[in-house]
Amino acid sequence: MRSITRARTRLVLGSAVLALASALTACTPDTSTREPAGRGGAQPAPVAETTAAGDALAIMVPSERGTGWDATGQALVDVLTAEGVENGVDIVHYRGADGTVGLTQLVGQADPDSLLVVGDVLVGAVELTDAAATLDDVTPLARLTDEPLAVVVTADSPYTTVSDLLDDVVANGPAVAIAGGPAGSADHVLAARMLLAAGVPAADVAARLRYVPQSGTGESFDPLFDGSVRAAVADVSEHADLLASGSLRALAVSGAERSPALPDVPTLQEQGVDVVVTGWRGVAAAGTLDQARVDELVALLTTVHGSAAWTAALDEHGWSDAFLTGPELDAFVAGEVAAVRQTLLDVGLAS
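Using mature numbering (1 follows the signal peptide of the UniProt record, and there is no 0), the letters of the sequence shown map in sequence onto residues -26 to -1, 1 to 325.
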């Protein structure tokens, strides 16, 4: 087995309009900009004899650079490169429609060497759009990470508890806007479930909740700082620098337990809001792959998960290890789809 080739970076700009998503299956990636995906150093022996089916392995990121999806994809490329994947690793960005452009591209290509970074955002996006492809068209390979969300406000906000925020939303409705990730994401679902837990009837949530979706990491804080929203929801890791600097304060985290990154911040449940929501990310392949290739890819990801380099990546980004494969993963994804769909239906955000 020969050693890896230099990893490459390809940026593909998908349509921002989902109606054009089906046309993207015929698009050719723009390879004019290439960067090494690894971090240098000697190239160790390859992980396994079955790490590639012949071409470079492609890690498809369904967003622009700088997002949580991108961070996950880049971490995968770094680890795969460090571990010596045969034929090398590409990272390819397909931007548009909250991830469904990338999903459509994966399904349309049906490439045994392409892996798509997936997660909670994509689950909701499929439910809220007329996506040309759905999660029924892919094979989940592994859940990689899980992370609680944090509800944050500016340092000078009058809110000191999450109940202060919810009381204001209940009393004043759309005048109290909340920013977060794309529509249908875990951020959005959390905002809706908090209102339900605060006693807002499901039929009134859509009218009561003014949710301002943002597409890129950190963008959810822009309307918070300019005063157009009162609070924001995002993964704990996305808040770290702003919380450490004192620019933001966290009112609550959404996990079942306190986050090690924010040990002094109580959970929603500790504050009487019986809601647990986390943001997860994983990897999927086209649903047309044969079982032998699926098994090869799962074995590769299992090796990645067991590597010291992946453990270091988890620590670097503040991600929780949530590795899951096989039937348990299938059940998890099915449960996520059902739960998100039901929440969006309950509050009138989907039909």
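In this text, a Cβ means the ideal position worked out from N, Cα and C, and glycines have one as well.
Problem set entry | C-beta atoms of residue 93 and residue 253 nearer than 8 Å | yes
Exercise. Are residue 105 and residue 80 close, meaning C-beta to C-beta below 8 Å?
Worked result: no
Exercise. Secondary structure at residue 314, three-state DSSP: helix, strand or coil?
Worked result: helix
Exercise. Using the beta-carbon count (16 or more within 10 Å), is residue 319 buried or exposed?
Worked result: exposed
Exercise. For the 8 Å Cβ check, are there 3 or more pairs between the segment 131 to 147 and the segment 219 to 238?
Worked result: yes
For this session: Please confirm whether residue 125 and residue 205 have their CB atoms less than 8 Å apart.
Result: yes
For this session: Check the C-beta distance from residue 168 over to residue 140 and give it rounded, since I have them as a contact under 8 Å.
Result: 6 Å
Problem set entry | Residue of 96, 51, 86, 56 minimising C-alpha distance to residue 69 | 96
For this session: On a CA-only basis, which of 179, 163, 114 is nearest residue 99? Give me that one, please.
Result: 163
Problem set entry | DSSP bridge partner residues for residue 86 (one or two, in chain order) | DSSP, once it has assigned bridges, lists no residue as partnering residue 86.
For this session: With DSSP as the reference, label residue 121 as helix, strand or coil.
Result: strand
For this session: Give the DSSP bridge partners of residue 127, in chain order.
Result: 223
Problem set entry | Buried or exposed by the 16-neighbour rule on C-beta atoms within 10 Å, applied to residue 316 | exposed
Exercise. Quick one, are the C-beta atoms of residue 44 and residue 35 less than 8 Å apart?
Worked result: yes
For this session: Check residue 35 in the structure and name its three-state DSSP category.
Result: strand
For this session: Can you have a look at residue 290 and say buried or exposed, based on whether 16 or more other CB atoms are within 10 angstroms of its CB?
Result: exposed
For this session: Can you give me the start and stop residues for the alpha helix (DSSP H) that residue 165 sits inside?
Result: 160 to 171
Exercise. Of all the options 234, 85, 54, 148, which has the alpha carbon lying nearest to the alpha carbon of residue 184?
Worked result: 148
Exercise. From residue 303 to residue 142, what does the alpha carbon distance come to, in whole angstroms?
Worked result: 39 Å
Problem set entry | Beta-carbon contacts of residue 16 that lie in its chain and below 8 Å, excluding the five residues immediately before and after | Note that residue 16 scores 29 on pLDDT, short of 50, meaning its location in the model is unreliable; the coordinates nonetheless yield the value given after this. So the list is empty, once near-sequence residues are dropped.
For this session: State the DSSP-derived secondary structure class of residue 134, mapped to helix, strand or coil.
Result: coil
Problem set entry | Cα-Cα separation between residue 347 and residue 130, rounded to whole angstroms | Because the chain is modelled from -26 through 325, residue 347 falls outside the range shown and cannot be assessed.
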